[in-house]
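With the UniProt record's numbering applied, the sequence shown has no gaps in its numbers, which climb one by one up to 452 at the end. Don't be surprised by glycine CBs; every beta carbon is placed ideally from N, CA and C. Below is one structure, written out as structure tokens; comments come after it.
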Amino acid sequence: MQSTAPKATTKTQNFWNPMAHPGDPASRNFIQIVKGDGNYVQTAAGDWLVDGVGGLWNVNVGHNRQEVKDAIRAQLDELEYFQIFDGCSHPRVHELADRLVEMTQPEGMTKAMFSSGGSDAVETALKIARQYWKAVGQSQRYKFISLKQGYHGVHFGGASVNGNTVFRTSYEPMLPGCIHIDTPWLYRNPWNCEDPEELGHLCAKQLEAEILFQGPDTVAAFIAEPVQGAGGVIVPPANYWPLVRQVCDKYGVLLIADEVVTGFGRSGSMFGVRGWGVKADIQCFAKGINSGYIPLGATLVNERISSAIEGCQSFTGAVMHGYTYSGHPVACAAALASLKIVEQENLPQNAAVQGELLKRKLEHALLDFPAVGEIRGKGLMIAIDLVANKETREPIDPTNGYANRLAAVTMREGAIVRPVGTKIILSPTLTLTETEVDKLTLALKIAFQEVK
Ligand code: PLP
């Protein structure tokens, strides 16, 4: 790793950070990251920090990977861009679609639609779900059921199924027919249920009750993340996804797995649903698909959906959806190179092993602090839940800046973590080693000791 940092750019004020109040001076105090290498990034001040957030849950193969950069360069030399509309294509989009269908064989995926990121991938999934029901003559099935705390991006469809009102309030009215039910969250749930198996049943029953209440013939799909990410790394009980699949099957409801974060190893298995032994009808991918080197999203559908839409003779058979940058050749080339690394280095397995180690070491180092309620996670998705009262599990006041102050000290001590309201979130590169596990743990321990 180079010790001299590339020169930083003057901190102009001419863009808004996403998900921040542009009038808040704190949001204008940018921390410029100027270089990346492996599991580390460098600040403009020259400090190398453990990338405990993996870019934004996405730099799975690590920074500055030669294989990915070579693939990008080679693709730029060959063909920087051509569209895949109007019956056109290019070699990389075929190769990547084949690769994704092959990788998702156990899940039964048959066709891919490409886009530019996670919100696009979700939007594509929601629209394809609606279109499927029109194609099979049940256009009255338009509703979506999703989970409170779930996160599915920022487009109107995705934001409508988002479970946290902060993503909706300023943009309402949202899509009609979006219903939110309880999350299978052992630490906090409306039943105060502490038994995982029982909670799985309670939540699956609630899904069934909601489908019946809405009328099964009006419900298009249930969408959820195999492990909730942005909502606070909520890991459902082991029986939850299999029960959800059963309920969906009972009423013909499509099951959409939003794998934008969990796809390609992050939760410790190649795909999140694979970790639960379940097949969805649609899987949404982005982020880890090419480790964030170039924006890309993909939505995969199974035979049920692909055959219905391909066989539909009416106008609704045409998929009137797609983006200029769908299947961008450079993004596809980066994905092919990145996925090769994911498989060759068995990164899902490394995420499982290092994730378990990190969780254990964090628990050992932090659980005695009064503000640490719970440390939870699966693979390299981990959250530290911050509480005002350990007994009642009442969360800290998110407006008092405690999580931000913790993250600032952690950064001073050599690691980047993500403060999200009442949680600290960790989603490091999947190439993480025990060296970085220890650095992250120590930096956080110092932060908890220091910040009051
Ligand atoms: N779905 C999930 C589960 C996500 O975590 C995200 C982003 O974090 C999205 C969708 C949206 O992806 P993007 O930010 O690439 O639009």
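- At least one heavy atom of the ligand PLP is found less than 7 angstroms from the C-beta of glycine 158.
- Residue environment: valine 166 is assigned as exposed (fewer than 16 neighbouring CB atoms within 10 Å of its CB, all protein chains considered).
- The C-beta distance from valine 273 to alanine 257 rounds to 5 angstroms, short enough to meet the 8 angstroms contact threshold.
- In the DSSP assignment, asparagine 404 falls within the alpha helix (DSSP H) that extends over 402 to 412.
- Burial state of cysteine 332 is buried, judged by a 10 Å Cβ sphere holding 16 or more other Cβ atoms.
- Tyrosine 251: member of the alpha helix (DSSP H) spanning 240 to 251, first to last residue.
- For glycine 137, the number of other beta carbons within 10 angstroms of its own is below 16, and it is reported as exposed.
- In the pairwise beta carbon analysis, the stretch 255 to 269 is classified as not touching the stretch 67 to 87: fewer than three pairs are separated by under 8 angstroms.
- Within the same chain, Ala129, Arg130, Trp133, Arg141, Tyr142, Lys143, Phe144, Leu254 come within 7 angstroms of alanine 220 by CB-CB distance, once the 5 residues on both sides are set aside.
- Set against 7 angstroms, the gap from the CB of alanine 230 to the closest heavy atom of the ligand PLP is smaller.
- In this structure, tryptophan 57 has its CB closer than 7 angstroms to one or more heavy atoms of the ligand PLP.
- When Leu442, Ala308, Gly292, Ser306 are compared, the shortest CA-CA separation from leucine 362 is found for Leu442.
- Valine 34 and glutamate 310 have their C-alpha atoms roughly 47 angstroms apart.
- For the stretch 268 to 343, the continuous alpha helix (DSSP H) assignments of 4+ residues that do not extend past its boundaries occur at 272 to 275, 303 to 310, in sequence order.
- Burial is judged here by how many other beta carbons sit within 10 angstroms of a residue's own beta carbon; proline 190 has fewer than 16 and is exposed.
- For methionine 174, same chain residues with a beta-carbon under 8 angstroms away, outside a window of 5 residues either side, are Phe156, Ala159, Ser160, Arg168 in chain order.
- C-alpha of glycine 36 to C-alpha of valine 68: approximately 14 angstroms in a straight line.
- The alpha-carbon of valine 437 is positioned some 22 angstroms away from that of glycine 263.
- Inter-segment contact for the stretch 45 to 65 and the stretch 313 to 323 is absent: fewer than three beta-carbon pairs are separated by less than 8 angstroms.
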